[in-house]
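First up is the structure itself, then whatever we jot down about it.
Number of protein chains: 2
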Amino acid sequence: MSEAKLTILKIGGSVITDKTGELAARTEVINRLAEEIQKANVKNLIIVHGGGSFGHPTAQKYGIKEGLKEDTQKVGFSETHHVMTVLNGLVLDALVWHNIPALSVTPSCCVVTENGRITYFEDAVLKKLLKTGFVPVLCGDVTLDDKLGFTVLSGDQLVAYLARKFDAGKIVIGVDTDGLYDADPKATKNAKLYAHLTLSELEKIKENLGGSTATDVTGGMLGKIVEILPAVGQGIPVAIVNAAKPNRVYKALMGEAVEGTVIEKE
Amino acid sequence: MSEAKLTILKIGGSVITDKTGELAARTEVINRLAEEIQKANVKNLIIVHGGGSFGHPTAQKYGIKEGLKEDTQKVGFSETHHVMTVLNGLVLDALVWHNIPALSVTPSCCVVTENGRITYFEDAVLKKLLKTGFVPVLCGDVTLDDKLGFTVLSGDQLVAYLARKFDAGKIVIGVDTDGLYDADPKATKNAKLYAHLTLSELEKIKENLGGSTATDVTGGMLGKIVEILPAVGQGIPVAIVNAAKPNRVYKALMGEAVEGTVIEKE
């Protein structure tokens, strides 16, 4: 029997935190998602979560994304990483509590970027964890950067990178809207949800995609889509669902019909 | 000017936690140590801390050190790692609060062992962190093991490994006694403190060294000494001081005279 192909689940920072606050986790949402992940019981799963009101405001305060310019930023780099580990700890707490053999894998320990793009990813341990039956949990993080000194690495870039590298079977992206709309659904009353998009359809409409309005140093919805396109181009389908609504993530993980947007190569 | 040689500071789990409790951190001690580390302002520093009442009881409960025998242990591996990240988070919190550019480097993401001994350590990012001026903070952790499936990695093994690999200038080990005694100072009234020991002197007396009485899956004081001997043999001096008493760690980091035991090759 061949092994199940890898599934990557991205959980947006706007889902598990209140982005209008600071360091404001939504622990009840984190717990519900852990329950859905436990119920789906997907073999060969990687989870990646965003920074929400943990990573983003701290990174912004110290200008981490723009790189190392002054020594005083160093402790800001440390602080940004530290607040991300706090959020990551809350996610792991819920997963372990739900009996999921999850293990945090910290990007700042094993990734190096160049101008913000991953050039080095030490994945020997990650592969072994998957093979042994663990669920690696990564998150948006700070990283050392060969050109900038350091910078911010988005969870979305990690998702696309891992999906392509490990030839994932699918990507599920949990966000705080029902999927992709032809206009920002929070600003436009009659915004229409796309149920299915091909890569070429998506290319045409991507400029109109609604962005996150709160602080997001890594680019909101458009940033997400731009990151994910190369994975779709490699034939990996992406389902974007509302993780703030119960059972959407569960159904997407199970491959069941669910409200949301599916993006496929053709 | 040549760069300062690496200093490795080990902080025992029995110092920063109450080992008679469970998940019982001594945050006031952690804060004082962060203050001492800030004051010493050592260039080129790695900090490693133990598991105390976080890692040890959890690892023991699931038999993690003995390896992967049943699927039900997997979530115990996750839980052991998770509680260690909680303790690590408290340490990082104090360090960052004291303006130290500290960054957690998680052994379970970058180390693989074989029968409990490190055979693979992905240190590219660790080296870069040191070079950029960060203070990497590691801790005892769980690791994947090529023979056992998984196991426990002691902070002491990490200290000796890193010291030898990076040719450290010195190792400072903070414990909860004043140093090495000719008998267990907690059990024997007139136990005598050794101020200085050479490697050959230590070899002769090591069987009499007092061990930690509380749960320590990684071997207590004798385990510590056995781990550290090869680093001493490579010419790296080790200072063992009481980190539970103010300013001992500070003085040892500064190379000042301080009560404790110094171990040197000759």
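As given, the protein sequences belong to chains A and B, one line each in that order. For the first sequence, position 133 matches number 133 in the numbering used here, and the numbering has no gaps at all. Every number in the numbering used here is 1000 more than the matching position in the second sequence, counting from 1. Every residue gets a Cβ at the ideal spot worked out from N, C-alpha and C, and that includes glycine.
Euclidean distance between Cα positions of residue i and residue j
i, j, result
"residue 47 of chain A", "residue 249 of chain A", "12 Å"
"residue 186 of chain A", "residue 176 of chain A", "11 Å"
"residue 1236 of chain B", "residue 1059 of chain B", "31 Å"
"residue 1073 of chain B", "residue 1003 of chain B", "45 Å"
"residue 1088 of chain B", "residue 223 of chain A", "32 Å"
"residue 228 of chain A", "residue 161 of chain A", "9 Å"
"residue 1028 of chain B", "residue 1155 of chain B", "21 Å"
"residue 1146 of chain B", "residue 1113 of chain B", "6 Å"
"residue 1061 of chain B", "residue 197 of chain A", "50 Å"
"residue 55 of chain A", "residue 1137 of chain B", "20 Å"
"residue 1008 of chain B", "residue 1189 of chain B", "32 Å"
"residue 1080 of chain B", "residue 203 of chain A", "45 Å"
"residue 225 of chain A", "residue 45 of chain A", "21 Å"
"residue 1116 of chain B", "residue 1135 of chain B", "26 Å"
"residue 194 of chain A", "residue 221 of chain A", "14 Å"
"residue 1205 of chain B", "residue 1263 of chain B", "13 Å"
"residue 282 of chain A", "residue 6 of chain A", "Within the shown structure, residues of chain A are numbered from 1 to 266, placing residue 282 of chain A beyond reach of any answer."
"residue 1067 of chain B", "residue 152 of chain A", "36 Å"
"residue 1070 of chain B", "residue 170 of chain A", "29 Å"
"residue 1102 of chain B", "residue 255 of chain A", "42 Å"
"residue 215 of chain A", "residue 243 of chain A", "Here the model assigns residue 215 of chain A a pLDDT of 48, short of 50, so the residue's position is not dependable, and the following value carries that caveat. Going by the C-alpha atoms only, they are around 19 Å apart."
"residue 132 of chain A", "residue 11 of chain A", "23 Å"
"residue 174 of chain A", "residue 15 of chain A", "8 Å"
"residue 126 of chain A", "residue 104 of chain A", "10 Å"
"residue 1184 of chain B", "residue 52 of chain A", "51 Å"
"residue 63 of chain A", "residue 84 of chain A", "16 Å"
"residue 93 of chain A", "residue 1082 of chain B", "7 Å"
"residue 76 of chain A", "residue 1201 of chain B", "46 Å"
"residue 57 of chain A", "residue 78 of chain A", "14 Å"
"residue 1033 of chain B", "residue 1118 of chain B", "28 Å"
"residue 40 of chain A", "residue 99 of chain A", "13 Å"
"residue 1021 of chain B", "residue 1013 of chain B", "12 Å"
"residue 50 of chain A", "residue 86 of chain A", "12 Å"
"residue 18 of chain A", "residue 168 of chain A", "30 Å"
"residue 130 of chain A", "residue 23 of chain A", "30 Å"
"residue 1065 of chain B", "residue 120 of chain A", "31 Å"
Proximal residues to residue i (C-beta, below 6 Å), its chain only, five neighbours per side dropped
i, result
"residue 1043 of chain B", "1004"
"residue 1252 of chain B", "1172, 1239, 1241 and 1258"
"residue 1124 of chain B", "none"
"residue 1158 of chain B", "1048 and 1138"
"residue 1261 of chain B", "1179, 1180, 1194 and 1240"
"residue 149 of chain A", "67 and 68"
"residue 246 of chain A", "none"
"residue 231 of chain A", "160, 163 and 164"
"residue 1036 of chain B", "1249 and 1250"
Chain-ordered neighbours of residue i on chain B, where CB pairs are closer than 8 Å
i, result
"residue 101 of chain A", "1074, 1075, 1077 and 1078"
"residue 153 of chain A", "The contacting residues do not exist; residue 153 of chain A stays about 12 Å from chain B at best."
"residue 89 of chain A", "1082, 1085, 1086 and 1089"
"residue 96 of chain A", "1075, 1078, 1079 and 1082"
"residue 144 of chain A", "1125, 1128, 1129 and 1132"
Amino acids of chain B, ordered along the chain, whose beta-carbon sits closer than 9 Å to that of residue i
i, result
"residue 93 of chain A", "1082 and 1086"
Partners in chain A for residue i, counting only beta-carbon separations shorter than 9 Å
i, result
"residue 1149 of chain B", "132"
Neighbourhood of residue i by C-beta distance below 8 Å, restricted to the same chain and skipping five residues each side
i, result
"residue 233 of chain A", "199 and 265"
Residues near residue i in its chain [Cβ-Cβ closer than 7 Å; skip 5 each side]
i, result
"residue 192 of chain A", "181 and 182"
"residue 1090 of chain B", "1025, 1027 and 1030"
"residue 122 of chain A", "110"
"residue 96 of chain A", "102"
"residue 38 of chain A", "98, 99 and 100"
Contacts of residue i in chain A (Cβ-Cβ under 7 Å)
i, result
"residue 1109 of chain B", "105, 106, 109, 110 and 125"
Chain-ordered neighbours of residue i on chain B, where CB pairs are closer than 7 Å
i, result
"residue 36 of chain A", "Neighbours of residue 36 of chain A on chain B: none; closest Cβ ~17 Å, over 7 Å."
"residue 22 of chain A", "Result: empty, since nearest Cβ-Cβ is about 16 Å, beyond 7 Å."
Short CB-CB distance (under 7 Å) between residue i and chain C
i, result
"residue 122 of chain A", "The structure shown contains no chain C; its protein chains are A and B."
Quiz prompt | Contained beta strand (DSSP E) runs [length at least 3] in the segment 219 to 254 of chain A, N- to C-terminal order | solution = Correct list: 238 to 242.
Quiz item: Quick check: the segment 1104 to 1121 of chain B against the segment 1129 to 1143 of chain B, are there 3 or more CB pairs under 8 Å?
Solution: Taking a cut-off of 8 Å on C-beta distances, the segment 1104 to 1121 of chain B touches the segment 1129 to 1143 of chain B, as three or more cross pairs fall below it.
Self-check item: Entirely enclosed alpha helix (DSSP H) segments - the segment 1120 to 1159 of chain B, minimum 4 residues
Solution: Segments of the alpha helix (DSSP H) lying fully in the segment 1120 to 1159 of chain B: 1124 to 1132.
Quiz item: In chain order, which beta strand (DSSP E) runs of at least 3 residues are fully inside the segment 1157 to 1211 of chain B?
Solution: Runs found: 1170 to 1175 and 1196 to 1198.
Quiz item: What residue ranges within the segment 1027 to 1114 of chain B form continuous beta strand (DSSP E) runs of no fewer than 3 residues, ordered along the chain?
Solution: The DSSP assignment places 1045 to 1049, 1102 to 1104 and 1111 to 1114 as complete runs of the beta strand (DSSP E) inside the segment 1027 to 1114 of chain B, in order along the chain (cut-off: 3 residues).
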